[in-house]
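> Chains as they are written, first to last, in our numbering: chain L, 1 to 485; chain G, 1 to 438.
Glycine included, each C-beta is placed from N, C-alpha and C at the ideal position.
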Amino acid sequence: MSISTPTDLEVPARRFRELVPAVDDWSLRLADVESETLSVRRDVVEPVQFARDTGAMITVSDGGGMGYAATGDLSRAGLAKAAERAREWAHRAAPLRLFPPPALGPPAIRDEWQAPALRPWTELDTAAKLRLLQELARRMKIHDDIVDWSASLGFQRRQTLLVNAQGAEIRQAQHILVPLLRAVANRGGETQVRSFGPDRGGQGGLERLDTLELGAQPERVAGDALALLDAPDCPAGTLDLILMPGQMTLQIHESIGHPLELDRILGDERNYAGTSFVTPEMFGTYRYGSELLNVTFDPGVAGELASFGYDDEGTRAERQWLIRDGLLLRGLGGTTSQARSGLPGVACARASSWNRPPIDRMANLNLEPGQSSLGDLIRGVEHGVLMDTNRSWSIDDSRNKFQFGCELGWRIEDGELRGLVRNPGYRGISSAFWRSLAGVGDRDSLSVMGVGTCGKGEPNQMIAVGHASPPCLFRGVTVFGGAGS
Amino acid sequence: MRSSLERAADLLHGLMQPGEAFTAYFEGEDSDFARLNGNRVRQAGNVLQQRLTLDLMRDGRHAQAALPLTGDPDADAPQLRAATDGLRALLPHLPPDPHHACAGPGTPGEDFRAGRLPDSRELLEVLTGTAEGLDLVGHCATGRLCRGFAGSAGQWHWFETESFSLDWSLYHRADKAVKGRYAGREWDPEALASRIRGTRDQLEIMACEPVRLEPGRYRVFLAPAALMEILSVIAWQGFGLRAERTRQTPLLRLADGAVELHPQVSLDEHSAGGQAPRFSPEGFTLPDRVALINGGRHAGCLADARSSREYGVPVNAAAERPRSLEMAPGTLATDEAARAVGDGLLIADLWYGNLSDRARCAVTGMTRYACLQVAGGIPVAPVEPMRFDVSLYQLLGEGLLGLTRERERIVDTGTYGQRSTGSALLPGALVRGFPLTL
Numbered sequence: 001m002s003i004s005t006p007t008d009l010e011v012p013a014r015r016f017r018e019l020v021p022a023v024d025d026w027s028l029r030l031a032d033v034e035s036e037t038l039s040v041r042r043d044v045v046e047p048v049q050f051a052r053d054t055g056a057m058i059t060v061s062d063g064g065g066m067g068y069a070a071t072g073d074l075s076r077a078g079l080a081k082a083a084e085r086a087r088e089w090a091h092r093a094a095p096l097r098l099f100p101p102p103a104l105g106p107p108a109i110r111d112e113w114q115a116p117a118l119r120p121w122t123e124l125d126t127a128a129k130l131r132l133l134q135e136l137a138r139r140m141k142i143h144d145d146i147v148d149w150s151a152s153l154g155f156q157r158r159q160t161l162l163v164n165a166q167g168a169e170i171r172q173a174q175h176i177l178v179p180l181l182r183a184v185a186n187r188g189g190e191t192q193v194r195s196f197g198p199d200r201g202g203q204g205g206l207e208r209l210d211t212l213e214l215g216a217q218p219e220r221v222a223g224d225a226l227a228l229l230d231a232p233d234c235p236a237g238t239l240d241l242i243l244m245p246g247q248m249t250l251q252i253h254e255s256i257g258h259p260l261e262l263d264r265i266l267g268d269e270r271n272y273a274g275t276s277f278v279t280p281e282m283f284g285t286y287r288y289g290s291e292l293l294n295v296t297f298d299p300g301v302a303g304e305l306a307s308f309g310y311d312d313e314g315t316r317a318e319r320q321w322l323i324r325d326g327l328l329l330r331g332l333g334g335t336t337s338q339a340r341s342g343l344p345g346v347a348c349a350r351a352s353s354w355n356r357p358p359i360d361r362m363a364n365l366n367l368e369p370g371q372s373s374l375g376d377l378i379r380g381v382e383h384g385v386l387m388d389t390n391r392s393w394s395i396d397d398s399r400n401k402f403q404f405g406c407e408l409g410w411r412i413e414d415g416e417l418r419g420l421v422r423n424p425g426y427r428g429i430s431s432a433f434w435r436s437l438a439g440v441g442d443r444d445s446l447s448v449m450g451v452g453t454c455g456k457g458e459p460n461q462m463i464a465v466g467h468a469s470p471p472c473l474f475r476g477v478t479v480f481g482g483a484g485s
Numbered sequence: 001m002r003s004s005l006e007r008a009a010d011l012l013h014g015l016m017q018p019g020e021a022f023t024a025y026f027e028g029e030d031s032d033f034a035r036l037n038g039n040r041v042r043q044a045g046n047v048l049q050q051r052l053t054l055d056l057m058r059d060g061r062h063a064q065a066a067l068p069l070t071g072d073p074d075a076d077a078p079q080l081r082a083a084t085d086g087l088r089a090l091l092p093h094l095p096p097d098p099h100h101a102c103a104g105p106g107t108p109g110e111d112f113r114a115g116r117l118p119d120s121r122e123l124l125e126v127l128t129g130t131a132e133g134l135d136l137v138g139h140c141a142t143g144r145l146c147r148g149f150a151g152s153a154g155q156w157h158w159f160e161t162e163s164f165s166l167d168w169s170l171y172h173r174a175d176k177a178v179k180g181r182y183a184g185r186e187w188d189p190e191a192l193a194s195r196i197r198g199t200r201d202q203l204e205i206m207a208c209e210p211v212r213l214e215p216g217r218y219r220v221f222l223a224p225a226a227l228m229e230i231l232s233v234i235a236w237q238g239f240g241l242r243a244e245r246t247r248q249t250p251l252l253r254l255a256d257g258a259v260e261l262h263p264q265v266s267l268d269e270h271s272a273g274g275q276a277p278r279f280s281p282e283g284f285t286l287p288d289r290v291a292l293i294n295g296g297r298h299a300g301c302l303a304d305a306r307s308s309r310e311y312g313v314p315v316n317a318a319a320e321r322p323r324s325l326e327m328a329p330g331t332l333a334t335d336e337a338a339r340a341v342g343d344g345l346l347i348a349d350l351w352y353g354n355l356s357d358r359a360r361c362a363v364t365g366m367t368r369y370a371c372l373q374v375a376g377g378i379p380v381a382p383v384e385p386m387r388f389d390v391s392l393y394q395l396l397g398e399g400l401l402g403l404t405r406e407r408e409r410i411v412d413t414g415t416y417g418q419r420s421t422g423s424a425l426l427p428g429a430l431v432r433g434f435p436l437t438l
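1) Going along chain G, which residues have a C-beta under 8 Å from Thr275 (chain L)?
2) Report the rounded CA-to-CA distance for Arg435 (chain L) versus Ile429 (chain L), giving the unit in angstroms.
3) Roughly how many angstroms lie between the CA atoms of Ala114 (chain G) and Pro189 (chain G), to the nearest whole one?
4) Name the DSSP beta bridge partners of Ile323 (chain L), please?
5) What residues are listed by DSSP as bridge partners for Asn390 (chain L)?
6) Quick one: grab the DSSP three-state call for Thr128 (chain G).
7) Counting only the same chain and skipping the five closest in sequence on each side, list residues whose C-beta sits under 6 Å from that of Gly466 (chain L).
8) Comparing C-alpha positions only, which one of G:Arg321, G:Gly300 and G:Met1 sits nearest to Tyr25 (chain G)?
9) Over the uninterrupted alpha helix (DSSP H) stretch that includes Gly86 (chain G), give me the two end residues.
10) I think Tyr488 (chain L) touches Leu328 (chain L), with their Cβ atoms under 8 Å apart; what is that distance to the nearest whole Å?
11) Name, in chain order, the residues that DSSP records as bridge partners for Ser152 (chain L).
12) Closer than 8 Å by C-beta to Asn390 (chain L): which residues in its own chain qualify, once you throw out the five before and the five after it? Chain order, please.
13) Taking the C-alpha atoms as reference points, what is the distance between Asp85 (chain G) and Gln166 (chain L)?
14) What residues in the region 363 to 376 of chain G bring their beta carbon closer than 7 Å to a beta carbon of chain L?
15) DSSP puts Leu145 (chain G) in a beta bridge; with which residues?
16) Going along chain G, which residues have a C-beta under 7 Å from Thr71 (chain L)?
17) Does the region 97 to 107 of chain G come close enough to the region 161 to 175 of chain G to have 3 or more Cβ pairs within less than 8 Å?
18) Could you tell me which of G:Glu132, G:Leu227 and G:Thr161 sits nearest to Phe112 (chain G), measuring between CA atoms?
19) Mind listing the chain G neighbours of Lys401 (chain L)? Cutoff is C-beta to C-beta under 9 Å, in chain order.
20) For Thr246 (chain G), return the contacting residues in chain L, with the cut-off set at a CB-CB distance below 8 Å.
21) If you measure beta-carbon to beta-carbon, which residues of the region 424 to 436 of chain L are closer than 7 Å to chain G?
22) At the level of alpha carbons, what is the spacing between Gln203 (chain L) and Val211 (chain G)?
23) Could you tell me whether any Cβ in chain L is nearer than 8 Å to the Cβ of Asn294 (chain G)?
24) By DSSP's criteria, Ala177 (chain G) is part of a beta bridge. Which residues make up the other side?
25) Report the partner residues of Lys401 (chain L) according to the DSSP bridge assignment.
26) For Thr478 (chain L), list the residues DSSP reports as bridge partners.
27) Find out if the Cβ-Cβ distance for the pair Leu227 (chain G), Ala429 (chain G) is shorter than 8 Å.
28) For the beta strand (DSSP E) containing Met57 (chain G), list its first residue and its last residue.
29) Could you tell me which chain G residues have their CB closer than 9 Å to the CB of Ala339 (chain L), listed as they occur along the chain?
30) From this set, G:Tyr311, G:His298, G:Gln264 and G:Arg323, which residue's C-alpha is nearest Asp288 (chain G)'s C-alpha?
31) What are the residues in the region 141 to 172 of chain G lying within 9 Å of chain L by C-beta distance?
32) Secondary structure at Ser276 (chain L), three-state DSSP: helix, strand or coil?
33) Using a Cβ distance threshold of 8 Å, determine whether the region 53 to 64 of chain G contacts the region 475 to 483 of chain L, with at least three qualifying pairs required.
34) Helix, strand or coil: how does DSSP classify Lys141 (chain L) here?
35) Closest to Leu252 (chain G) by CA distance: which of G:Gln264, G:Val265, G:His262 and G:Gln237 is it?
In structure tokens, the structure reads:
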């Protein structure tokens with residue numbers, strides 16, 4: 001169902017063209033986002049939440065400066081007021097500008113991009129979707145020690161329209177579905193949590209529920225949480241480590257994605273998200289990891305969270321190699337950062353919503369598959385641990401010293417899995433860690449996942465990014481569990 | 001913005017059918033933002049946004065719709081009607097919600113906190129002028145924030161504040177920097193200039209050759225901002241009633257009475273002393289103060305409206321995370337912190353904290369900005385970034401040597417979605433055995 005009238009973005013775009021002020025350059029980015037959150041916790045249906053968020057981001061370049069104004073008021077008066085505010089900010093910023101204003105968007109491109117959604121979200125009504133969640137939640141209460149259990153679905157339908165002074169018109173539409181199953185087990189002072197999602201979020205319709213085999217997960221999720229109560233702590237020491245895609249997602253995100261962002265390298269993020277150990281001269285020469293490390297920026301993967309046709313500055317999205325055979329080739333920076341740095345980049349200037357300006361973001365950042373099956377990787381470990389599903393993450397502001405924790409792990413001895421371990425964690429230094437990459441799973445072992453809550457920027461922005469990866473093997477990592485940290 | 005909520009509430013009153021009720025929660029801001037790098041403007045602009053969350057109720061059933069408001073009745077009314085109709089059609093298909101709670105009629109609440117805001121041009125001139133020649137990176141936010149609540153039983157709350165916050169780093173080189181902050185409601189250009197000069201003076205020591213520490217345990221002084229980073233991680237689930245009853249709180253052993261913190265440790269949610277609205281999104285008026293830890297012992301939890309119904313306790317929080325955390329002071333003079341450390345570290349800021357072991361209430365994170373080595377009570381050199389991993393039970397238990405008598409109000413400069421109204425009032429802490437791991 002819909003609880004409000006979708007905004008026809010052509011209408012405010014037309015209004016704006018009629019009133020656009022006399023300025024050197026301008027762009028208008030309109031967004032209309034409809035979302036729905038359904039959740040069942042402890043067998044109680046939580047309040048159904050619908051939301052619509054509609055607004056405009058006007059960017060103006062004038063008098064040697066650049067300014068923006070975002071408004072939810074799409075009336076003629078509202079857009080005129082915002083345009084004036086953007087113009088005032090351009091003039092205010094001009095004498096203090098960091099760099100001359102770039103061209104605001106592409107030449108006169110007219111294009112549309114839409115992610116496929118085979119089974120529309122509305123194919124099932126809200127009551128039917130709640131019944132599904134009630135059933136999934138009920139199946140997680142498998143034991144008295146399961147003390148909290150929940151199932152939820154989040155859906156978002158996002159449409160944007162970018163127009164500019166050059167005559168560009170770019171329309172894009174995405175449908176995003178994020179499931180979450182979560183079980184909490186407790187006995188005495190020991191509590192363990194196991195989840196499925198939200199790293200399984202992606203673009204598409206209800207067909208994603210089948211793709212993810214959501215119906216097969218509740219007992220497994222709750223069973224894992226229960227089993228972890230009785231598992232020993234993860235062993236501590238310098239051990240071989242296999243990371244499943246549910247942890248590789250975070251490892252790629254924090255220690256490859258963020259360090260390669262050109263705006264970090266240019267210093268924009270130093271007051272908040274941090275800087276980078278990567279410096280401009282490293283591109284084209286720096287060995288980021290072992291020869292098994294291959295990383296692409298690929299906004300064209302069907303169903304991945306951050307697939308799009310154009311970024312929010314209107315640059316056409318293309319697949320690019322960032323790291324090939326271990327060698328660093330290219331950073332994550334949109335046209336503005338590329339011009340400032342003189343470095344190659346990608347179409348990744350993205351904004352979290354209409355009320356924030358675009359900055360360099362990851363989009364889909366994928367670790368390309370290798371030649372080994374998961375069984376091959378396990379057989380290649382004499383003493384080690386396999387870990388899955390991130391639950392804790394921390395890394396320094398240069399994106400070098402990290403410590404991550406997972407929901408669960410398995411001890412590996414003599415090439416075989418030898419039992420569940422709880423509270424697994426590991427730490428390392430990015431620049432050394434990727435050089436210890438000794439095995440990469442094949443295409444059959446690859447999972448397409450993502451991070452829905454990547455925070456960055458001032459003012460702050462939260463955005464979804466996609467990560468696809470197979471399981472990977474690392475040699476000689478500092479591993480620990482629980483009190484051993 | 002107030003008129004946006006008033007008009008919406010009037011319209012909604014007229015749309016209600018027999019047996020129906022509504023609540024409406026309003027959030028709005030008119031903010032200027034300026035982002036700087038290299039003491040020059042990187043991005044700057046204005047954000048004007050208003051948002052209403054409508055909760056429609058009937059026969060114990062309810063559902064919510066959040067909508068943008070424009071302030072233009074002709075544009076807003078059709079959206080509110082469509083939302084009401086859509087929710088009305090859905091309600092018969094939903095089960096009753098046993099955990100739903102909203103405030104009944106009561107005394108209308110009004111909280112208007114007028115400020116003297118800077119002109120944006122003046123603000124940038126003072127900031128960049130005082131920092132001329134320095135590598136300043138930072139962010140300024142200034143403007144009006146509003147929150148409101150209205151209900152079909154005549155409930156009404158309004159909160160409006162005019163405030164600003166500046167948050168900057170002065171860089172010496174690479175990752176060597178000092179942090180500065182200035183926030184409030186009464187703009188004083190000389191106060192800003194003075195603070196920038198203060199952070200500039202701290203840069204001198206950052207020019208010294210940095211020390212690379214070995215992992216181990218150190219005697220440290222945690223400035224209030226550093227202590228805030230650790231407490232903010234604990235606060236994610238540590239003080240909420242739902243997390244306590246479902247055994248997820250990292251403070252489980254404290255809540256069970258299995259451990260105690262140092263008797264000097266007392267933590268409250270002090271809504272009356274904070275900068276956030278004093279009502280919840282469901283319209284409940286919040287108590288002035290909720291004791292969370294008292295004399296080192298667990299004292300209470302924050303219960304939002306849903307938890308209050310689920311667990312049968314009064315509502316005492318807008319959400320189950322502190323927005324106005326306050327820690328009792330100690331007796332150590334802040335000026336004496338370096339001398340009290342003797343040989344160890346002065347830590348101005350910590351960063352990127354996360355729970356590393358829930359059962360031990362352990363937090364890991366990094367040092368950032370001015371982390372200084374102290375020898376013989378004198379700061380001597382900056383320290384290369386180090387990772388810590390510490391249990392709160394150790395940090396504020398047997399490891400705690402003292403808290404400062406002076407406290408600092410740390411304003412949450414967060415702007416995810418909208419500007420935050422959170423803040424905390426904290427002392428600094430002198431601690432022994434602080435573990436650095438990498």
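Taking the structure as given:
1) Residue 275 (chain L) sits at position 275 when you count from the first residue of the first sequence. Correct list: Ala174 and Asp175.
2) Indexing the first sequence from 1 puts residue 435 (chain L) at position 435. Indexing the first sequence from 1 puts residue 429 (chain L) at position 429. Each residue's Cα considered, the two are about 10 Å apart.
3) Here the question's residue 114 (chain G) lines up with position 114 in the second sequence. Here the question's residue 189 (chain G) lines up with position 189 in the second sequence. Going by the C-alpha atoms only, they are around 18 Å apart.
4) Counting from 1 along the first sequence, the entry for residue 323 (chain L) is found at position 323. Ile323 (chain L) pairs with L:Val295 and L:Leu328.
5) Counting from one through the first sequence, the residue named residue 390 (chain L) turns up at place 390. DSSP, once it has assigned bridges, lists L:Cys406 as partnering Asn390 (chain L).
6) The residue labelled residue 128 (chain G) in the question sits at position 128 within the second sequence. Thr128 (chain G) falls in the helix class under three-state DSSP.
7) The count along the first sequence starts at 1 and reaches residue 466 (chain L) at position 466. Within the same chain, and ignoring the five residues on either side of Gly466 (chain L) in sequence, the residues whose Cβ sits closer than 6 Å to its Cβ are Glu304, Leu305, Ala306, Asn364 and Gly450.
8) Working through the second sequence from its first residue, we reach residue 25 (chain G) at position 25. It is G:Met1.
9) As a position in the second sequence, residue 86 (chain G) is number 86, starting the count at 1. Taken as a continuous stretch (DSSP letters only), the alpha helix (DSSP H) holding Gly86 (chain G) covers Pro73 to Leu90.
10) Residue 488 (chain L) is absent from the model: chain L starts at 1 and stops at 485.
11) Numbered from 1 along the first sequence, position 152 holds the residue referred to as residue 152 (chain L). According to DSSP, residue pairing for Ser152 (chain L) in a beta bridge involves L:Ser39 and L:Leu180.
12) To locate residue 390 (chain L), count along the first sequence from 1; it is residue 390. Answer for Asn390 (chain L): Asp199, Gly246, Gln247, Thr249, Leu250, Phe404, Gly405, Cys406 and Glu407, listed in chain order.
13) Taking the first residue of the second sequence as position 1, residue 85 (chain G) is located at position 85. Taking the first residue of the first sequence as position 1, residue 166 (chain L) is located at position 166. Using only the alpha carbons, I get a separation of about 42 Å.
14) Of all residues in the region 363 to 376 of chain G, only Thr364, Gly365, Met366 and Arg368 place a beta-carbon less than 7 Å from a beta-carbon of chain L.
15) Walking along the second sequence from the start, residue 145 (chain G) turns up at place 145. Residue pairing from DSSP places Leu145 (chain G) in a beta bridge opposite G:Glu29 and G:Thr161.
16) Against the first sequence, residue 71 (chain L) aligns to sequence position 71. The contacting residues are Leu48.
17) With the cut-off at 8 Å, the region 97 to 107 of chain G and the region 161 to 175 of chain G do not touch.
18) Here residue 112 (chain G) corresponds to residue number 112 of the second sequence, with the count starting at 1. For Phe112 (chain G), the closest of G:Glu132, G:Leu227 and G:Thr161 by C-alpha to C-alpha distance is G:Thr161.
19) Translated into positions along the first sequence, residue 401 (chain L) becomes position 401. Per Cβ cutoff of 9 Å: Met366, Pro385, Met386, Arg387 and Leu438.
20) The residue you call residue 246 (chain G) lines up with position 246 of the second sequence. Here the neighbours are Val147, Asp148, Val184 and Asn186.
21) Hits within the stretch, in order: Gly425 and Arg427.
22) As a working mapping, residue 203 (chain L) is identified with position 203 in the first sequence. As a working mapping, residue 211 (chain G) is identified with position 211 in the second sequence. In this structure, the alpha-carbon of Gln203 (chain L) lies about 48 Å from that of Val211 (chain G).
23) Position 294 of the second sequence, counted from the start, is the residue given in the question as residue 294 (chain G). Contact with chain L is absent for Asn294 (chain G), since none of that chain's Cβ atoms lies less than 8 Å from the residue's Cβ.
24) In the second sequence, the residue the question calls residue 177 (chain G) occupies position 177. According to DSSP, Ala177 (chain G) bridges with G:Tyr171.
25) As a position in the first sequence, residue 401 (chain L) is number 401, starting the count at 1. DSSP, once it has assigned bridges, lists L:Ile429 as partnering Lys401 (chain L).
26) Taking the first residue of the first sequence as 1, we reach residue 478 (chain L) at position 478. L:Thr238 and L:Arg427, per the DSSP bridge assignment.
27) Counted from its first residue, the second sequence places residue 227 (chain G) at position 227. Counted from its first residue, the second sequence places residue 429 (chain G) at position 429. Closer than 8 Å, so yes.
28) Residue mapping note: residue 57 (chain G) aligns to position 57 of the second sequence, counting from 1. First-last of the beta strand (DSSP E) with Met57 (chain G): Arg40 to Arg58.
29) For the purposes of this step, residue 339 (chain L) is taken as residue 339 along the first sequence, with counting starting at 1. Listed along chain G, no residue sits closer than 9 Å to Ala339 (chain L) by beta-carbon distance, the nearest being about 14 Å off.
30) Here residue 288 (chain G) is taken as the residue at index 288 of the second sequence, counted from 1. Per the Cα distances, G:Arg323.
31) Of all residues in the region 141 to 172 of chain G, Ala141, Asp167, Trp168, Ser169 and Tyr171 have a Cβ within less than 9 Å of some Cβ in chain L.
32) Counting from one through the first sequence, the residue named residue 276 (chain L) turns up at place 276. Secondary structure of Ser276 (chain L) (DSSP, three-state): coil.
33) By the Cβ test, the region 53 to 64 of chain G is not in contact with the region 475 to 483 of chain L, since fewer than three Cβ pairs between them sit closer than 8 Å.
34) In the first sequence, counting from the first residue as 1, residue 141 (chain L) sits at position 141. In the displayed model, Lys141 (chain L) falls within coil according to three-state DSSP, outside both helix and strand.
35) On the second sequence, residue 252 (chain G) is found 252 positions in, with the first residue counted as 1. Nearest option by C-alpha distance: G:Gln237.
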